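Accompanying notes for the structure given below.
There are 2 protein chains.
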Amino acid sequence: MEKPATLWDRSRQAVVAEIVDTALTLFAEQGYEATTMAQVATRAGVSQRSLFRYFGTKEDLVCGDQEALGDLLVATVEAQAPEVSTWDALRAGFTTILAASNHTPQRVLEISTLIFTNAPLRARYFEKRLKWQHSLAPVIEKRMGIDSGEIPDARAMGVIATVFACVDTASELWVRHGGKADAFELYEQALAAVRG
Amino acid sequence: MEKPATLWDRSRQAVVAEIVDTALTLFAEQGYEATTMAQVATRAGVSQRSLFRYFGTKEDLVCGDQEALGDLLVATVEAQAPEVSTWDALRAGFTTILAASNHTPQRVLEISTLIFTNAPLRARYFEKRLKWQHSLAPVIEKRMGIDSGEIPDARAMGVIATVFACVDTASELWVRHGGKADAFELYEQALAAVRG
DNA sequence: CGCCAGTCTGGCAGTCACTGCCAACCTGTC
DNA sequence: GACAGGTTGGCAGTGACTGCCAGACTGGCG
Numbered sequence: 000m001e002k003p004a005t006l007w008d009r010s011r012q013a014v015v016a017e018i019v020d021t022a023l024t025l026f027a028e029q030g031y032e033a034t035t036m037a038q039v040a041t042r043a044g045v046s047q048r049s050l051f052r053y054f055g056t057k058e059d060l061v062c063g064d065q066e067a068l069g070d071l072l073v074a075t076v077e078a079q080a081p082e083v084s085t086w087d088a089l090r091a092g093f094t095t096i097l098a099a100s101n102h103t104p105q106r107v108l109e110i111s112t113l114i115f116t117n118a119p120l121r122a123r124y125f126e127k128r129l130k131w132q133h134s135l136a137p138v139i140e141k142r143m144g145i146d147s148g149e150i151p152d153a154r155a156m157g158v159i160a161t162v163f164a165c166v167d168t169a170s171e172l173w174v175r176h177g178g179k180a181d182a183f184e185l186y187e188q189a190l191a192a193v194r195g
Numbered sequence: 000m001e002k003p004a005t006l007w008d009r010s011r012q013a014v015v016a017e018i019v020d021t022a023l024t025l026f027a028e029q030g031y032e033a034t035t036m037a038q039v040a041t042r043a044g045v046s047q048r049s050l051f052r053y054f055g056t057k058e059d060l061v062c063g064d065q066e067a068l069g070d071l072l073v074a075t076v077e078a079q080a081p082e083v084s085t086w087d088a089l090r091a092g093f094t095t096i097l098a099a100s101n102h103t104p105q106r107v108l109e110i111s112t113l114i115f116t117n118a119p120l121r122a123r124y125f126e127k128r129l130k131w132q133h134s135l136a137p138v139i140e141k142r143m144g145i146d147s148g149e150i151p152d153a154r155a156m157g158v159i160a161t162v163f164a165c166v167d168t169a170s171e172l173w174v175r176h177g178g179k180a181d182a183f184e185l186y187e188q189a190l191a192a193v194r195g
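Chains A and B supply the protein sequences, listed in that same order.
If you count by numbering that gives the first Met the number 0, then the first sequence holds residues 0 to 195, one letter each, in order.
If you count by numbering that gives the first Met the number 0, then the second sequence holds residues 0 to 195, one letter each, in order.
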């Protein structure tokens, strides 16, 4: 997965992780919107200008590392055997990226709660997931035996959007249950109600 | 639906409509993000301060009149006979609000295109629709024979989220086809693929 | 070791969405 | 004609974000 992994790259990773850490701490202390980027920069010991170079936007402090996960999702779905159903292939993709997270469960809950209780964060999260959906379109079309055209097919996009909707629903309810419910179970319930 | 309808109220409505009009024109001319609120204010002949009093945010210039539609959606779904299936009840809700739009088809396409091609607009649109979903939860739970608790039920939310996902998918594809496809047909295709 | 190119960083000033505050105004009422 | 309530406009401020430039740091090359 990684070839060069320069020393410099790793130290940059560390810096990024530390900034995220202090940002999450501040968000927990004062709330997301009450915290300014200037505060984060000062507390993390970098200039405001550099902070914006690491994270293009304030939202990216929370949902920044999704790019890579999207690629993993698409790759996993694509790698499923052809006899696996579309639904199972998509589920496999999500369980894979869930397992690939490098955060503690505690932190996942913290971040998820942040996202689901802050409109701009949730909006940004949604945006990124939209890109995933579009990347998945050709893969799912192929799996469903549909020719990929310039514009995606309604059937394939409908299935993809539905799975995302159920994942999203399960995540939100999981957060609202304070992480005490089984997110996977919630997903199964939601999807079963849809397909039943 | 309207009781008082003061003269003043109506003139305010006219002002709002005119501002929206000039804003859409500017957006068409220069693009959404290249247009500043100052420009809209000047061109519409109001102060910037008042512009922000009419429309709390720039996004609301485009997707502002959704509050009322949400209520209509919930009311319509609630008004469906109990023997109507959950899916049909939700579809009835959407066809109703589609018919309730006071814009020309041309303008609907223009606004939709704007929303679906601008990330912040789409995000805001999504946010508002999320609220609709939450308002629908108790209605759909009742219809599905589920007791409404503090936290919505995964099955009900899954169904609601799926319908919204398919509507969204159909809308997006409709826009990407330049309005030449039948949006209703696209919705049927998407949902059929999901439920089939 | 000194030099050089490429990169990284910090500061600074500017843009833009958005808000609070206050003075001016307008409208209807007594 | 004074008065109360709501409306408007300007003005100054905040906070996210960007472009620009100058200094520092790094890895090669002679």
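Quick reminder that beta carbons are idealized off the backbone N, C-alpha and C, glycines included.
Since this is a predicted model, take the numbers as computed values, not measurements.
Query, Result
"Tell me the rounded alpha-carbon separation between B/E66 and B/I139.", "20 Å"
"Quick test of the definition: if touching needs 3 or more C-beta pairs under 8 Å, does the stretch 150 to 160 of chain A touch the stretch 174 to 189 of chain B?", "yes"
"Does the stretch 35 to 49 of chain B come close enough to the stretch 5 to 25 of chain B that 3 or more CB-CB pairs lie under 8 Å?", "yes"
"What does the alpha-carbon distance come out to for the pair B/L97 and B/V61?", "16 Å"
"If you draw a straight line from the alpha carbon of B/V83 to that of B/W173, how long is it in whole angstroms?", "27 Å"
"Residues of chain A with CB closer than 7 Å to the CB of B/I150, please, in chain order.", "L172, R175 and H176"
"Would you say A/L185 lies against chain B (beta-carbon separation less than 7 Å)?", "yes"
"List the residues of chain A that B/V193 touches, going by C-beta distances under 8 Å, in chain order.", "G157, V158, T161, V193 and R194"
"Hey, does B/M0 have any beta-carbon neighbour from chain A nearer than 7 Å?", "Bear in mind that a pLDDT of 42 at B/M0, under 50, signals an unreliable position, so the model cannot answer this."
"Starting from B/V73, follow the alpha helix (DSSP H) in both directions and report where the run begins and ends.", "Q65 to A78"
"Does the Cβ-Cβ distance between B/A164 and A/A122 come in under 7 Å?", "no"
"Under the rule that 16 or more other beta-carbon atoms within 10 Å means buried, what is A/T94, buried or exposed?", "exposed"
"Whole angstroms are fine: how far does the CA of A/E126 sit from the CA of A/A80?", "29 Å"
"Could you check the C-alpha separation between B/E109 and B/K130 for me, to the nearest Å?", "24 Å"
"Have a look at A/G44, A/S100, A/A169 and A/Q47 and flag the residue whose alpha-carbon is nearest the alpha-carbon of A/G69.", "A/S100"
"At a Cβ threshold of 7 Å, is B/T168 touching chain A?", "yes"
"Do A/L25 and A/T34 have their beta-carbon atoms positioned less than 7 Å apart in this structure?", "yes"
"Given that A/A189 touches chain B, what residues does it touch there, using C-beta distances under 7 Å?", "A153, R154, M156 and G157"
"Name the chain A residues that come within less than 8 Å of B/A164, Cβ to Cβ?", "G157, A160, T161, F163 and A164"
"Compare the Cα-Cα distances from B/G238 to each of B/E149, B/T112 and B/K141 and report the closest residue.", "Limits of chain B in this structure are 0 at one end and 195 at the other, which puts residue 238 of chain B out of reach."
"For chain B, is any of its Cβ atoms less than 7 Å away from the one on A/A182?", "no"
"Should B/A78 go down as buried or exposed, given a rule of 16 or more other Cβ atoms within 10 Å for buried?", "exposed"
"For B/A118 and chain A, any beta-carbon pair shorter than 7 Å?", "yes"
"Can you grab the Cα-Cα spacing for the pair A/K57 / A/I114, in whole Å?", "12 Å"
"Decide if A/G44 is buried, meaning its Cβ has at least 16 other Cβ atoms within 10 Å, or exposed.", "exposed"
"Could you name the residues of chain B that A/F125 contacts, counting a contact when the two beta carbons are closer than 7 Å?", "A122 and F125"
"Less than 8 Å between C-beta atoms, sequence neighbours within five positions excluded: which residues of the same chain meet that for A/T85?", "I139, R142, M143 and V158"
"Taking C-alpha atoms, which residue in A/L120, A/R90 and A/A169 lies nearest to A/G63?", "A/L120"
"With a 10 Å radius around its C-beta and 16 neighbouring C-beta atoms as the bar for buried, classify B/A88 as buried or exposed.", "buried"
"Take the Cβ of B/Q105 as the centre, count every other Cβ of all protein chains shown within 10 Å, and call the residue buried at 16 or more, exposed below.", "exposed"
"Counting along the chain, where does the alpha helix (DSSP H) carrying B/E171 start and finish?", "A153 to R175"
"In chain order, what residues of the same chain have a beta carbon less than 8 Å from the beta carbon of B/Q132, not counting five sequence neighbours either side?", "M156, I159, A160 and F163"
"Should B/A153 be labelled buried (16 or more other beta-carbon atoms within 10 Å of its own) or exposed?", "buried"
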